[in-house]
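*Asks:* The sequence shown begins at 0 in numbering that gives the first Met the number 0 and counts up one residue at a time.
For reference, the structure I am asking about is given below.
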Amino acid sequence: MGDTNTSSGAGTAGPASQTGADHSAGNSADKLHRRGLLFILSSPSGAGKTTLSRMLLKADAEIRLSVSATTRPPRPGEVHGEDYYFVSDAEFDRMVEEDDFYEWAHVFDHRYGTPKGAIREGLKNGQDYLFDIDWQGTQQLKQKDDQDVVTVFVLPPSLDELRRRLEGRGQDTDAVIDARMDRARAEISHWAEYKYVVVNDDVEQCFAKVREILHAERMLRKRQTGMIPFVRELME
Ligand code: ADP
Ligand code: 5GP
């Protein structure tokens, strides 16, 4: 999905990226510079992380999607550069050799990875990035950059409902759905590695919780880098 990280807009200042220097010109403290964050949504396949991700991207202009590269073939309707960068095995090998990935993993017989692109530069400029990745990718991202990472695990209300959602999505064969269901328990077993956990029963209620998490994390003191000159001036 849309990473923009490697190709476009990387490092462009997000809406939150005004400098802390001009607060004296009548700007509110809301506009002080802050460091961006890496917002990770993980779940067993079918629990709703793509749905929640799309809602978040639509509702919040300060976060953009990190688009992964994958060796999986595109599903109907998926667009190269928006949903994924669809690459050959040879191309993926080359990217691994050239250390182009923040993290990568084998999932369902294919490889998936997060191109580093300009994520690091974007973070400095106040850009937030959304990641729809599994527990393996989450662990690797945490190892590389724990301070910027915010992790949220999305649980289905039940395994029966998870199967209904996978079937209702209409994208996978019965065999693939069986494989995803077999894998669901193993994926759920990683829930305790996440800082936040939400149950996606009613999608609107779940989405509201996800937004509250994002809003609160943006206000962490350590992320509000523009606060330092602001407070210094208050105390002068
Ligand atoms: P994931 O990205 O975790 O694999 P999706 O977001 O593709 O899951 O959701 C799987 C299916 O379940 C989709 O058809 C989606 O519309 C549906 N869905 C997502 N959240 C809910 C919900 N809270 N209630 C009912 N159906 C949902
Ligand atoms: P799908 O084939 O359904 O799009 O994705 C299958 C799984 O791969 C999902 O659980 C998804 O979270 C995971 N995935 C997608 N992109 C990445 C990535 O860049 N890194 C890792 N580690 N997992 C990913």
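Think of the CB as a built atom: it goes at the ideal place given N, C-alpha and C, for glycine as much as any other residue.
With which residues is Thr69 paired in a DSSP beta bridge?
*Replies:* Partner(s): Phe85, Tyr111.
*Asks:* Along the beta strand (DSSP E) that carries Thr172, what are the first and last residues, could you check?
*Replies:* Note, Thr172: premise wrong, no beta strand (DSSP E); not H, not E.
*Asks:* Near Arg74, what residues of its chain come up, given a Cβ to Cβ distance below 6 Å and the 5 sequence neighbours on each side ignored?
*Replies:* Excluding residues within five positions, the ones whose Cβ falls inside 6 Å are Gln170.
*Asks:* Below 8 Å, how does it come out for the region 62 to 71 and the region 127 to 139: are there three or more Cβ pairs, yes or no?
*Replies:* With the cut-off at 8 Å, the region 62 to 71 and the region 127 to 139 touch.
*Asks:* Please specify which runs of the beta strand (DSSP E), each continuous and at least 3 residues long, are wholly inside the region 38 to 66, giving them in chain order.
*Replies:* With a minimum length of 3 residues, the continuous beta strand (DSSP E) runs that stay inside the region 38 to 66 are 62 to 64.
*Asks:* In whole angstroms, what is the alpha-carbon distance linking Phe107 and Asp145?
*Replies:* Looking at the two C-alpha atoms, the distance is approximately 26 Å.
*Asks:* State yes or no: is the C-beta of Tyr101 within less than 9 Å of the C-beta of Lys143?
*Replies:* Contact flag set, yes.
*Asks:* With hydrogens ignored, establish whether the beta-carbon of His109 is closer than 8 Å to any heavy atom of the ligand 5GP.
*Replies:* For the ligand 5GP, at least one heavy atom lies less than 8 Å from the Cβ of His109.
*Asks:* Here's a check: name, in chain order, each residue in its chain whose Cβ is nearer than 7 Å to the Cβ of Ala24, leaving out the five neighbours to either side.
*Replies:* Legend: pLDDT at Ala24 = 38, less than 50; position of this residue unreliable, value from coordinates given subsequently. Correct list: empty, nothing qualifies.
*Asks:* Can you tell me whether DSSP reads Glu102 as helix, strand or coil?
*Replies:* Residue state, collapsed to three classes: strand.
*Asks:* Check whether the Cβ atoms of Ile212 and Val151 sit closer than 9 Å, and answer yes or no.
*Replies:* Taking 9 Å as the Cβ cut-off, Ile212 and Val151 qualify as a contacting pair.
*Asks:* Is any heavy atom of the ligand 5GP found at a distance shorter than 8 Å from the C-beta of Tyr193?
*Replies:* No, the Cβ of Tyr193 stays beyond 8 Å of every heavy atom of the ligand 5GP.
*Asks:* Hey, Ala46 and Leu219 are a contact pair by Cβ (cut 8 Å); roughly how many whole angstroms apart?
*Replies:* No, Ala46 and Leu219 are not in contact; Cβ-Cβ is about 27 Å, not under 8 Å.
*Asks:* Pull up the DSSP beta-bridge partners for Phe152, would you.
*Replies:* Ser41, Val196.
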